[in-house]
Amino acid sequence: YLPFQVALNPARGFDLSSLRVLIVLFFLFWLAKNYKKIFETIREGVYLKNIQSAGLILFFVAAFLSLIGAENVFWGLRKIVFFMSVFPLYFLTLALVNNLEKIKKIILILVGGGAVFALVGLLQFLSVFVFGLEGVYNFWAWNVVPVFSGFNFGAMLLSYPSWLVNVSGETIMRAFSLFSDPHMFSFYVGMLAPLAAVYFNSYIFFFLMFVGLLLSFARGAYLAIIAAFLFMGVLFWFFAKNKKAAVALCSLILVFIIPITPISDRFYSSFDADEGSNSGRLEMWRQSGQTGLQYFWSGVGLGNYSSVVDSGFGYRNPITAHNLYLDIFSEIGFLGLFFWLFLLLGTIWQLFQKLKKSDNTKEKYIIIGLLGSLSYFLVHSFFETPVYNPSVLSLLMVILGISSVIINVKFKS
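Each residue of the sequence shown is one higher than the one before, counting from 895 in the numbering used here.
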């Protein structure tokens, strides 16, 4: 359900992800059923003894404290409520997915759903050649986006569209499936592609997601998947003793390198500092970096960066740093950034240590897939701010939950 969730419109000017509602309801049901065991676990400090739980809790606390002195506390509280409705999915995963077979089933469900999601994006891209650009664009704008993104958020997106891209002088509609923009679409399938690559007999799933990522024409996704494949190739070669898988993954990078193709043209344009969107992004990075340095410890307040850029903006606006780390630094401050990096890098380090010690082949493959997913998220986050997309953040919570189980549980060979 993660990528297919529909948007609710409970009040005028207010969109609500049905996924968030389901997470909260499921979490409350789990709390009510297991409250004695949970309180005992909290009292013993178990959650603070692993990097994933501690990092997530400390990041949330830093985000909440950043609202002290914020110009618009209400905007920040809305973001806090958003986090409160998605972060519980990590704890649910940690509690319910407690053995290797359950982990394999969850991964299969995730990559299967991701493959169907990517297939929709592929059909969307191909439909332009049948029904024309204008027809497909209008159909998605008026019939699909309001259902899956909400009327208000959808209207904001249509005011600042990113659906079209100019490649080699030709305007192309990018693949973005049921999401609101190609960047978050590529984020979702890019995080799942490494898991599909290591899951046995899921090559079709992997192919669909990889092609979907290519057709998103998201340059940040291209750089991130290259980094993930290289990292996974090294891990397969040295730690899983699977040189064929290492060579196969690394050979896919040729898709981006071989010249005179729309994919490679788009990839090589990433390194042109004078290109319009690149120069604009560099300016955003400079501005958000300066804001972070000015409000070093606590930032300007969660959700308040856009008001620093232009006080005339309302809550729904497209202004971000286009870099998750600079967004966190400017809004939550250095401590928030430190806790976020502690969460991600600490998890990657612990998974790597577990990989070196593991003598279970299936476990090794799952660890390599998780490391690929997290490295993809880490790199792509240099170019986008994905944590406010409920599906992407939910997927990250599940991956962190599975990672925590893998790290802390000893499985039989």
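Just so it is clear, CB atoms sit at the ideal spot from N, CA and C, and this is done for glycine as well.
Less than 8 Å between the CB atoms is what I'm expecting for residue i and residue j, so what's the real figure, rounded?
| i | j | result |
| --- | --- | --- |
| Ala1112 | Ser1080 | 4 Å |
| Val900 | Val1299 | Actually they do not touch by this definition, with Cβ atoms about 30 Å apart. |
| Gln1244 | Ile1301 | 5 Å |
| Ala957 | Gly1230 | 6 Å |
| Leu902 | Leu910 | 4 Å |
| Ile1296 | Leu1265 | 12 Å between Cβ atoms; not a contact. |
Quick one: grab the DSSP three-state call for residue i.
| i | result |
| --- | --- |
| Ile1066 | strand |
| Ser1200 | helix |
| Leu1072 | coil |
| Ala964 | coil |
| Leu1220 | helix |
| Asn1172 | helix |
| Ser1158 | helix |
| Leu1272 | helix |
| Tyr1096 | One point to set straight first is that residue 1096 is Ser, not Tyr, in the sequence displayed. DSSP places Ser1096 in coil when its eight states are reduced to three. |
| Asn1060 | strand |
| Ala901 | strand |
| Leu1089 | helix |
| Leu1146 | coil |
| Ser911 | strand |
| Ala1009 | helix |
| Val1303 | coil |
| Lys996 | helix |
| Ile1119 | helix |
| Phe1111 | coil |
| Ile1152 | coil |
| Phe1130 | helix |
Do residue j and residue i count as a contact pair if the criterion is CB distance below 8 Å?
| i | j | result |
| --- | --- | --- |
| Phe1099 | Gly1006 | yes |
| Leu1146 | Ser1182 | no |
| Val1273 | Pro1280 | no |
| Phe1072 | Phe1011 | Looking at the sequence shown, residue 1072 is not Phe but Leu. In contact: Leu1072 and Phe1011 (Cβ atoms closer than 8 Å). |
| Glu1225 | Ser960 | yes |
| Met1078 | Val1022 | no |
| Val1039 | Ser1074 | yes |
| Gly1263 | Pro1088 | yes |
| Ile1120 | Phe1150 | yes |
| Leu950 | Phe981 | yes |
| Phe921 | Leu986 | yes |
| Glu965 | Asn1198 | yes |
| Leu1086 | Leu1002 | no |
| Phe953 | Phe1233 | yes |
By the 10 Å Cβ neighbour count, where 16 or more other Cβ atoms means buried, how is residue i classified, buried or exposed?
| i | result |
| --- | --- |
| Leu1109 | buried |
| Asn1283 | buried |
| Trp1057 | buried |
| Glu1257 | buried |
| Gln1247 | exposed |
| Tyr929 | exposed |
| Gly1044 | buried |
| Trp969 | buried |
| Ser1269 | buried |
| Ser1062 | exposed |
What does the alpha-carbon distance come out to for the pair residue i and residue j?
| i | j | result |
| --- | --- | --- |
| Phe1070 | Gly1106 | 8 Å |
| Lys1138 | Tyr984 | 34 Å |
| Ala1142 | Asn993 | 30 Å |
| Thr1185 | Val915 | 34 Å |
| Leu1196 | Ile1157 | 36 Å |
| Ile1000 | Phe898 | 16 Å |
| Val1202 | Leu1237 | 28 Å |
| Ser1275 | Ile1261 | 21 Å |
| Leu1124 | Val1092 | 14 Å |
| Phe1133 | Asn1254 | 11 Å |
| Ser1200 | Leu1289 | 26 Å |
| His1216 | Cys1144 | 28 Å |
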